[in-house]
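In our numbering, the protein residues as written are 12 to 312. Just so you know, even glycine gets a beta-carbon here, dropped at the ideal spot from N, CA and C. The next block holds one structure in the form of structure tokens; read it before the comments.
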Ligand code: HMG
Ligand code: MG
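Given below as structure tokens:
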């Protein structure tokens with residue numbers, strides 16, 4: 012029997028944001044800009060560029076205004092993250108028209124990440140989302156710890172679905188549902204994404220897998236089977252949340268693109284140009300690139 016698969020998949024590149032936010036050494040702003048440009052050149056149209064968070068909490072994202080000033084390309088889905096009113100007001104002072112808000116299903120994680128309970132974050136964000144929609148912004152909601160939490164363990168699927176439904180009622184365009192610490196197994200990914208697909212047929216659904224246990228590709232295949240055709244990935248497999256201990260990087264864009272293209276699914280991404288983009292940022296990273304595609308194909312000395 013044939014697998015049921017889409018003909019085309021959209022990759023949302025999160026390397027400039029999720030990929031770099033956890034890097035120990037500050038990556039120079041100009042290198043970040045060149046990296047973003049290289050990723051675009053590889054065919055990655057939707058991208059998380061940066062985040063408007065506290066520079067004391069996440070110094071690596073302290074240059075968000077400079078990044079946005081130079082890196083918008085007219086695509087409606089150049090995302091910037093913002094967790095609160097202050098972040099949204101900073102976005103309003105730019106030309107960016109696509110915002111990603113983020114909240115954890117796990118209260119303990121949300122407290123560590125945003126210094127608020129999940130409920131308090133939602134109370135702050137719901138009117139903000141309505142306001143953003145009135146102003147014609149594209150709004151993406153990132154749902155962290157949708158499967159497991161580093162502090163609370165396994166999350167209840169119903170709690171994740173309930174949080175997603177609060178966001179949908181508030182008016183978001185997209186839900187990006189995340190396995191923050193890379194602990195979901197493919198049956199769990201299939202189960203959650205099948206239910207989300209049924210429950211939110213009018214909402215754009217995206218899966219965001221971290222690859223801590225090398226299950227991201229298997230989870231992506233399981234999610235494809237559940238009808239998901241959008242995945243957040245990070246060039247070089249960089250990434251991780253500074254407030255989720257033990258979380259490794261995102262699924263590597265090049266490994267995901269390689270797998271999908273081998274399956275006959277169009278991603279629109281050039282692997283050669285993607286390697287060129289990784290080479291721009293690699294000398295500034297404090298860790299090696301560990302993706303399989305990079306290991307086999309990069310011309311490094
Ligand atoms: P706080 O300390 O509770 O905030 O932090 P506060 O309101 O008390 O303000 C403290 C200081 O931060 C003040 O400055 C504020 O002005 C400033 P001071 O007066 O001390 O000089 N401040 C801000 N500055 C810039 N931008 C802002 C902002 N808000 C307050 N938006 C806060 C609360 C939310 C700011 C903090 O907890 C924070 O920045 N958290 C962000 C953490 C983060 O970036 N995490 C990673 C992104 S989420 C993620 O990676 C998961 C995801 O990939 C999906 C997945 O994998 O799960 C999306
Ligand atoms: Mg993430």
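Thinking C-beta only, is residue j closer than 8 Å to residue i?
i: residue 44; j: residue 81; result: yes
i: residue 284; j: residue 89; result: no
i: residue 258; j: residue 214; result: no
i: residue 22; j: residue 191; result: no
i: residue 193; j: residue 220; result: yes
i: residue 129; j: residue 114; result: yes
i: residue 149; j: residue 100; result: no
Any heavy atom of the ligand HMG inside 7 Å of the beta-carbon of residue i?
i: residue 222; result: no
i: residue 164; result: no
i: residue 119; result: no
i: residue 129; result: no
i: residue 189; result: yes
i: residue 153; result: yes
i: residue 295; result: no
i: residue 63; result: yes
i: residue 89; result: no
Output needed for residue i: all residues of its chain with C-beta closer than 6 Å, excluding positions within five of it in sequence on either side, in chain order.
i: residue 295; result: 38, 42
i: residue 29; result: 245, 250, 261
i: residue 238; result: 208
i: residue 57; result: 23, 88
Give a single yes or no on whether residue i has its beta carbon closer than 7 Å to a heavy atom of the ligand MG.
i: residue 257; result: no
i: residue 250; result: yes
i: residue 171; result: no
i: residue 29; result: yes
i: residue 95; result: no
i: residue 261; result: yes
How close, in whole Å, do the beta carbons of residue i and residue j come, if the pair is a contact with beta carbons under 8 Å?
i: residue 297; j: residue 92; result: Not really, about 22 Å apart at Cβ, beyond 8 Å.
i: residue 136; j: residue 112; result: 5 Å
i: residue 182; j: residue 140; result: 5 Å
i: residue 234; j: residue 204; result: 5 Å
i: residue 154; j: residue 188; result: 5 Å
Once you ignore the five residues that flank residue i on each side, which residues in its own chain have a CB closer than 7 Å to its CB?
i: residue 270; result: 228
i: residue 79; result: 60, 61, 91, 105, 107
Tell me, which residues are paired with residue i by DSSP?
i: residue 261; result: 221
i: residue 58; result: 24, 89
i: residue 277; result: 19
i: residue 159; result: 165
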